[in-house]
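Step one of this worksheet: look at the structure below.
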Amino acid sequence: VIKPVEKKVIDNSFSKVVKKVFREPLRDIINIDYKVKKAEIPNLFFDYKLDGIGYNGVIYSVKSIDLNSERPIDQIRKDISELESLNPRIDLFGKSKGFEPQYNKHYLVIDEYKGRKNSYHELYDILSNQNLDDYQYRLINSDELKDVANDIKNANAHKFSELIGRNSI
Numbered sequence: 020v021i022k023p024v025e026k027k028v029i030d031n032s033f034s035k036v037v038k039k040v041f042r043e044p045l046r047d048i049i050n051i052d053y054k055v056k057k058a059e060i061p062n063l064f065f066d067y068k069l070d071g072i073g074y075n076g077v078i079y080s081v082k083s084i085d086l087n088s089e090r091p092i093d094q095i096r097k098d099i100s101e102l103e104s105l106n107p108r109i110d111l112f113g114k115s116k117g118f119e120p121q122y123n124k125h126y127l128v129i130d131e132y133k134g135r136k137n138s139y140h141e142l143y144d145i146l147s148n149q150n151l152d153d154y155q156y157r158l159i160n161s162d163e164l165k166d167v168a169n170d171i172k173n174a175n176a177h178k179f180s181e182l183i184g185r186n187s188i
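See the structure below:
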């Protein structure tokens, strides 16, 4: 008797929320799925893909990471570490364009981990207990993302690519 192979059910509700409340409403306003290139930002030594980045008096950046996906914890940690390296460099770049870095709004969107792996729970606990002033981004969950999207829309933000002189994608 051959047992049927059980298909693992992957919960993609997180990515659906990000798409519905952030990417779709802002796709013509700011850069969505934008790769910040190392050649464009001083002292950046890697390319990094953000869910969205725009500006209007301040720079807005959003990175979403699904802790409940099947991604390896080391890759998730690397993404967060690189984001922590990217944000101060974006702020320095913005400062060279006349923006005050302390007013920039960087967001990391992560929902609480619902699985059984301790390493993912520990990572979420570390992130949710850190001080905003130390990390230059605000941790939010996907329920708060709609407010961020509205904030960006209401600020009449523009595409970050215009600021660096790159044609938008």
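In the numbering used here, the protein residues as written are 20 to 188. Glycine included, C-beta positions come from ideal geometry on N, C-alpha and C. Note that the structure is predicted; figures quoted are calculated from it, not measured.
In chain order, what residues of the same chain have a beta carbon less than 6 Å from the beta carbon of residue i, not counting five sequence neighbours either side?
{"i": "F41", "result": "L164 and A168"}
{"i": "S80", "result": "L69, I72 and H125"}
Please classify residue i: is it buried, with 16 or more other beta-carbons within 10 angstroms of its beta-carbon, or exposed?
{"i": "G134", "result": "exposed"}
{"i": "D47", "result": "exposed"}
{"i": "Y122", "result": "exposed"}
{"i": "K82", "result": "buried"}
{"i": "G76", "result": "exposed"}
Give me the residue from the options with the minimum Cα distance to residue i.
{"i": "D98", "options": "G113, S115, L146 and L111", "result": "L146"}
{"i": "D66", "options": "V37, V77, E101 and I84", "result": "E101"}
{"i": "E59", "options": "I49, R157 and S115", "result": "S115"}
Compute the Euclidean distance between the alpha carbons of residue i and residue j, then round it to the nearest angstrom.
{"i": "F33", "j": "D52", "result": "16 Å"}
{"i": "D166", "j": "K178", "result": "19 Å"}
{"i": "L86", "j": "S104", "result": "20 Å"}
{"i": "K56", "j": "I72", "result": "13 Å"}
{"i": "D70", "j": "I78", "result": "14 Å"}
{"i": "E89", "j": "I159", "result": "21 Å"}
{"i": "L182", "j": "N175", "result": "14 Å"}
{"i": "F118", "j": "I95", "result": "30 Å"}
{"i": "L63", "j": "K39", "result": "31 Å"}
{"i": "N50", "j": "Y132", "result": "28 Å"}
Need the endpoints of the beta strand (DSSP E) that residue i sits in, please.
{"i": "N50", "result": "N50 to V55"}
{"i": "I159", "result": "R157 to I159"}
Take residue i and list the residues in its own chain whose beta-carbon comes closer than 8 Å to its own, dropping the five residues that flank it on each side.
{"i": "P44", "result": "A168 and K172"}
{"i": "Q149", "result": "L158"}
Can you name, in chain order, every residue of its own chain whose Cβ lies under 7 Å from the Cβ of residue i, other than the five neighbours on each side?
{"i": "S161", "result": "F33, V36, V37, V128 and D130"}
{"i": "I92", "result": "S138, Y139 and L142"}
{"i": "D144", "result": "none"}
Under a CB-based cut-off of 9 Å, is residue i close to chain D?
{"i": "S147", "result": "As a matter of chain content, chain D is missing from the structure shown, which is built from one protein chain."}
Which residues mark the beginning and the end of the alpha helix (DSSP H) in which residue i is found?
{"i": "Y122", "result": "Segment: none, Y122 is in no alpha helix (DSSP H) and carries neither H nor E."}
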